[in-house]
Each structure stands twice: as structure tokens, then as C-alpha cells.
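Student: The structure follows.
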Amino acid sequence: RTKSENCVLRFNPIDKHILASCASDRSIILYDTRATGPIRKVVMSLRSNMVSWNPMEAFVFTAANEDFNLYSYDIRQLNSPLNVHKDMTSAVTSVDYSPTGREFVAGGYDKSLRLYLAHQGHSRDIYHTKRMQHVTHTVWSLDNKFVISASDEMNLRVWKAHASEKL
10 RTKSENCVLR FNPIDKHILA SCASDRSIIL YDTRATGPIR KVVMSLRSNM
60 VSWNPMEAFV FTAANEDFNL YSYDIRQLNS PLNVHKDMTS AVTSVDYSPT
110 GREFVAGGYD KSLRLYLAHQ GHSRDIYHTK RMQHVTHTVW SLDNKFVISA
160 SDEMNLRVWK AHASEKL
């Protein structure tokens, strides 16, 4: 039996007893704190780096994967993803949902941020700068106006969630 190491844990914001874990053995494991062990598990082709729960749909989470894609799953049916979100050109390291649950932001080794509509397979926007290095973390602000990114060159950047809106 092989032992897997949990890399990331995220609690479901709606059902506080459910959490998702990305493990080093390429699996995403779901736990219920009321149960004695894992409740569900899905094994990916490559490792997932981050998982984020949709704040409006209690059963949906999205995983940022090493295969340049993001996968949205319904925990009731893990045999196939609800949606595969494409367009990243390198490993995806981070994902976070907007407070409305309609969109999410992802960042990765391609030195860019991409904003996706939750139910579409391709990004609606891409943000990057000449000096930005690998994106390590992304966060969508709770006021739904900004996206924050952290990258390897030790900078935090604040971006408008909707580029055409005035400040």
C-alpha cells in the first residue's frame, strides 16, 4: 500500500463538514469530518495543485491540474468532470472562485492569470505583465471587484476583475 501526502486542504464554504484534499499520488480525496475516513476519491492523470469550492453550488469544486487544465466536478458524480477548462499553456498552480460563484480565476507556470466563466471551457480574460514570473496564488476579492495574484518574484498584484469597469 502506498502512502499519499496531502498537499492542499479546502473546506466547503456551504457544508462545513466536507473538505477536499489534493494528494501527491494524483488523487483528489473528499472527506466528511463526521465520517471515519475518506468518502470519495478521484485519481487524475497528473497531480492537482489546488482545489476551490464554488461558494454558491455546494457540490461543485474546481481543481487546478499539472496537465494545463482545470477540472470542475460535482461530488455526487466523480466519474467524469462537469467541465474541463482549457487555455493555460503550462501547469496550473492556483484557482479561486468569485463570491458569486459564476466565475473563477486561475494562475500558473505560464506567468498569466486567466478568468473563466464557471460553466464555460475557455477563459474570458487573460492578465499578464512582462516582469511577472510563475503565478503561485490567486484570490478573488470578496467585493467581487478585484483579483489578487502572487508570483515567484515576490510581488502581489491587484487586477480589476472586470477590466472595463471604472474604479
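So the sequence shown is residues 10 to 176, counted in the numbering used here.
Ideal Cβ positions, reconstructed from N, Cα and C, are used throughout, including at glycine.
Going by beta-carbon coordinates alone, are Val156 and Val114 separated by less than 7 angstroms?
Tutor: Yes. Within cutoff.
Student: Consult DSSP for Arg49 and reduce its assignment to one of helix, strand or coil.
Tutor: Correct three-state label for Arg49: strand.
Student: Pick helix, strand or coil for Met141, following the three-state DSSP scheme.
Tutor: DSSP places Met141 in the coil class of the three-state scheme, outside both helix and strand.
Student: Report yes if the C-beta of Leu165 is less than 6 angstroms from at least one heavy atom of the ligand PLP; otherwise report no.
Tutor: With respect to the ligand PLP, the structure offers nothing, as it holds no ligand at all.
Student: Let me confirm a value: Ala172 is counted as buried when at least 16 other C-beta atoms fall within 10 Å, else exposed. Which label applies?
Tutor: Exposed, because fewer than 16 other Cβ atoms sit within 10 Å of the Cβ of Ala172.
Student: Let's see if you can read the secondary structure: which residues bound the beta strand (DSSP E) around Thr71?
Tutor: Where Thr71 is concerned, the enclosing beta strand (DSSP E) starts and stops at Val69 to Asn74.
Student: For the beta strand (DSSP E) that contains Ile180, what are its first and last residues?
Tutor: Any property of residue 180 remains undetermined from this structure, which presents the chain solely from 10 to 176.
Student: Mind checking Val104: buried by the 16 CB within 10 Å criterion, or exposed?
Tutor: buried
Student: State the beta-bridge partners of Gly116 as determined by DSSP.
Tutor: Ser103 and Leu122
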